[in-house]
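Participant:
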Amino acid sequence: MERTLSVERAPGRRTEPLSPLPLGTDPQEKQREQTSAEAEAERELRWLELGSEAALEKGKEGACAPHSWGRLFQAVWQGQASLVTQLLRQGARVDERDGAGRSPLHLAVLRGHAPLVHLLLQRGAPAGVPDRDVEALLGHGADPSLQDRHGRSALHRAAAAGHLASVQLLVVHSADINAQDSLGLTPLHHAARGGHMDVASHLLDKGAQVNAAGWLRKTPLHFSVESHHGPTTELLLSRGASPTLRTQWGEVAQDLVSEASLCREQKEC
Numbered sequence: 001m002e003r004t005l006s007v008e009r010a011p012g013r014r015t016e017p018l019s020p021l022p023l024g025t026d027p028q029e030k031q032r033e034q035t036s037a038e039a040e041a042e043r044e045l046r047w048l049e050l051g052s053e054a055a056l057e058k059g060k061e062g063a064c065a066p067h068s069w070g071r072l073f074q075a076v077w078q079g080q081a082s083l084v085t086q087l088l089r090q091g092a093r094v095d096e097r098d099g100a101g102r103s104p105l106h107l108a109v110l111r112g113h114a115p116l117v118h119l120l121l122q123r124g125a126p127a128g129v130p131d132r133d134v135e136a137l138l139g140h141g142a143d144p145s146l147q148d149r150h151g152r153s154a155l156h157r158a159a160a161a162g163h164l165a166s167v168q169l170l171v172v173h174s175a176d177i178n179a180q181d182s183l184g185l186t187p188l189h190h191a192a193r194g195g196h197m198d199v200a201s202h203l204l205d206k207g208a209q210v211n212a213a214g215w216l217r218k219t220p221l222h223f224s225v226e227s228h229h230g231p232t233t234e235l236l237l238s239r240g241a242s243p244t245l246r247t248q249w250g251e252v253a254q255d256l257v258s259e260a261s262l263c264r265e266q267k268e269c
C-alpha cells in the first residue's frame, strides 16, 4: 500500500503528488526518493527571482509568480505548517535561496506566518532576516518571545548579529530584555561578546542587567574582555559592570583586562 501527499498549487498550475512513500521502504530506497525530491526542488528554485512582496503580488507569470515556485516556497507562502514539515522530512533544504538571496524563513516573515518562522528556526534556518522583515513580522502580531532549540529569542539573535534596528523594534514590541537562553546568556551577553557597543548601550538604556551571570557564571563584561572589545568593555564598566565578580573558575574581569593588556604589549596574542 502506498501513500502520496498532494501539494496544493496556485491557480493555473496542476496539482502533482510528491514521490510516493511506500510503507516499509528500506533506507536506501528512501534515500533515493529524498535525493530525487531534492533535485526537483533545486531545479524549480532556479526560477525564483523574488525582489519584494509587492513584486510577488503583481507577478502573474514568469519567475516572480508564486505559481512558478518550488514546493517548499509554495507551502511557506500559503502558511501550511504541516506540509512544510513533510517537505523538510523528504529532503527539502531549509537554507535554500532564491534569486534575490531570500530563504523560506524570509518568506515566512514577509507573510507574517509566526508559527512557520518558529518551525523553520527549529529546523536550523539561517536567521539573517533583514530589519524591514522583522518589522513586517511584528506588525502581523508575531510573538517576539519565541525561542529556537537553543532557547534563543529573536532579541538574542539580533543582539548577537549587531542589528541595532531589529533590537530596537523587538524592544518596542515588548521583547524580554533579560531573557536567558539555554546557557543562561542574555541578549546583553551576546552583544558584549560580539563587541556591538551600540546594541549593548541600547539594551542597557532599556533595563538590561549589566551584571547578569550566565554560562560558567560569566557576565557580559567577562565576554567583552575575553573577546578583546575595548570600547564595549569601557561602556560596561561605565554603566556599573563589576570587574571583581568571579566566574565558576574563579576568574575576575579585572585580571583578564590586565592579562589582555600585557599580551598586547608583548605582542603575543
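In the UniProt record's numbering, the protein residues as written are 1 to 269.
Virtual Cβ for every residue (Gly too), placed ideally from N, Cα, C.
1. At the level of alpha carbons, what is the spacing between S242 and T186?
2. Give the DSSP bridge partners of R246, in chain order.
3. If I'm right that R152 touches D181 with Cβ under 8 Å, what's the distance once you round it to whole angstroms?
4. Within a Cβ cutoff of 6 Å, which residues of the same chain sit near V252, ignoring the five residues on either side of it in sequence?
5. Indicate the three-state DSSP secondary structure (helix, strand or coil) for S153 in the structure shown.
6. Could you give the first and the last residue of the continuous alpha helix (DSSP H) run that contains G230?
7. Given that a residue counts as buried once 16 or more other Cβ atoms are within 10 Å of its Cβ, and exposed if not, what is W77?
8. Given that a residue counts as buried once 16 or more other Cβ atoms are within 10 Å of its Cβ, and exposed if not, what is R71?
9. Would you list the residues sitting across from Q147 in a DSSP beta bridge?
10. Using 8 Å as the threshold, is the C-beta distance between H189 and F223 below it?
11. Select from L83, P104, L216, L204 the residue whose C-alpha is nearest the C-alpha of Q248.
12. By the three-class DSSP mapping on this structure, what secondary structure does L88 have?
13. Identify the continuous alpha helix (DSSP H) that holds Q80 and give its terminal residues.
14. Rounding to the nearest angstrom, what Cα-Cα distance links Q74 and A125 in this structure?
15. Would the beta-carbon of G162 fall within 8 Å of that of G194?
16. Going by beta-carbon coordinates alone, are A92 and L116 separated by less than 8 Å?
17. With a 10 Å radius around its C-beta and 16 neighbouring C-beta atoms as the bar for buried, classify R157 as buried or exposed.
18. Short of 7 Å in beta carbon distance, which residues of its chain neighbour S201, apart from the five on each side in sequence? Order them along the chain.
19. Do you know how far the Cα of V84 is from the Cα of N237?
20. Going by DSSP in three states, A160 sits in which element: helix, strand or coil?
21. Let me check understanding here. Comparing Cα to Cα, which of A179, V167, A165, S166 lies closest to H150?
22. So, with DSSP's three-state summary, where would you put L105?
23. What are the boundary residues of the alpha helix (DSSP H) that Q122 is part of?
24. Can you tell me which of the three DSSP states S166 falls into?
Facilitator: So, from the data block:
1. Taking the sequence shown and counting its residues from 1, the one referred to as residue 242 is at position 242. Taking the sequence shown and counting its residues from 1, the one referred to as residue 186 is at position 186. Whole-angstrom Cα-Cα distance: 17 Å.
2. Here the question's residue 246 lines up with position 246 in the sequence shown. Assignment of beta-bridge partners to R246 by DSSP yields V252.
3. Translated into the one-based positions of the sequence shown, residue 152 becomes position 152. Translated into the one-based positions of the sequence shown, residue 181 becomes position 181. In this structure, R152 and D181 form a Cβ contact; the two beta carbons are roughly 5 Å apart against a cut-off of 8 Å.
4. Walking along the sequence shown from the start, residue 252 turns up at place 252. These residues qualify, in order along the chain: T244, R246.
5. Taking the sequence shown and counting its residues from 1, one reaches residue 153 at position 153. Strand.
6. For the purposes of this step, residue 230 is taken as residue 230 along the sequence shown, with counting starting at 1. From DSSP, the alpha helix (DSSP H) with G230 extends over 230-238.
7. For the purposes of this step, residue 77 is taken as the residue at position 77 of the sequence shown. Under the 10 Å beta carbon count, W77 is surrounded by 16 or more other beta carbons and is classified as buried.
8. Residue 71 sits at position 71 when you count from the first residue of the sequence shown. Looking at its Cβ environment, which holds 16 or more other Cβ atoms inside 10 Å, R71 is buried.
9. What you label residue 147 is simply residue 147 of the sequence shown in a count that begins at 1. According to DSSP, which records beta bridges pairwise, Q147 is partnered with S153.
10. The residue labelled residue 189 in the question sits at position 189 within the sequence shown. The residue labelled residue 223 in the question sits at position 223 within the sequence shown. Yes, Cβ-Cβ distance for H189 and F223 is below 8 Å.
11. Taking the sequence shown and counting its residues from 1, the one referred to as residue 248 is at position 248. For the residues L83, P104, L216, L204, the minimum Cα distance to Q248 belongs to L216.
12. Here residue 88 refers to the residue found at position 88 of the sequence shown. Collapsing the DSSP output to three states places L88 in a helix.
13. By 1-based counting over the sequence shown, the position of residue 80 is 80. Secondary structure note for Q80: it is in no alpha helix (DSSP H), with a DSSP letter that is neither H nor E.
14. Walking along the sequence shown from the start, residue 74 turns up at place 74. Walking along the sequence shown from the start, residue 125 turns up at place 125. For Q74 and A125, the distance between alpha carbons rounds to 17 Å.
15. The residue labelled residue 162 in the question sits at position 162 within the sequence shown. The residue labelled residue 194 in the question sits at position 194 within the sequence shown. Yes; because the gap between Cβ atoms is below 8 Å, this pair is in contact.
16. By 1-based counting over the sequence shown, the position of residue 92 is 92. By 1-based counting over the sequence shown, the position of residue 116 is 116. A distance of 8 Å or more separates the beta carbons of A92 and L116.
17. Taking the sequence shown and counting its residues from 1, the one referred to as residue 157 is at position 157. Label assigned to R157: buried.
18. The residue given as residue 201 occupies position 201 in the sequence shown. L235, listed in sequence order.
19. As a first step, residue 237 must be located in the sequence shown, where it is residue number 237. As a first step, residue 84 must be located in the sequence shown, where it is residue number 84. According to the sequence shown, residue 237 is Leu rather than Asn. The C-alpha of V84 is placed about 47 Å away from the C-alpha of L237.
20. If you number the sequence shown from 1, residue 160 lands on position 160. In this structure, A160 counts as helix in the three-state DSSP scheme.
21. Along the sequence shown, read from residue 1 onward, the residue named residue 150 stands at position 150. Answer by Cα proximity: A179.
22. Translated into the one-based positions of the sequence shown, residue 105 becomes position 105. L105: helix per DSSP, three-state reduction.
23. What you label residue 122 is simply residue 122 of the sequence shown in a count that begins at 1. 114-122 is the span of the alpha helix (DSSP H), which, as asked, contains Q122.
24. Position 166 of the sequence shown, counted from the start, is the residue given in the question as residue 166. Residue state, collapsed to three classes: helix.
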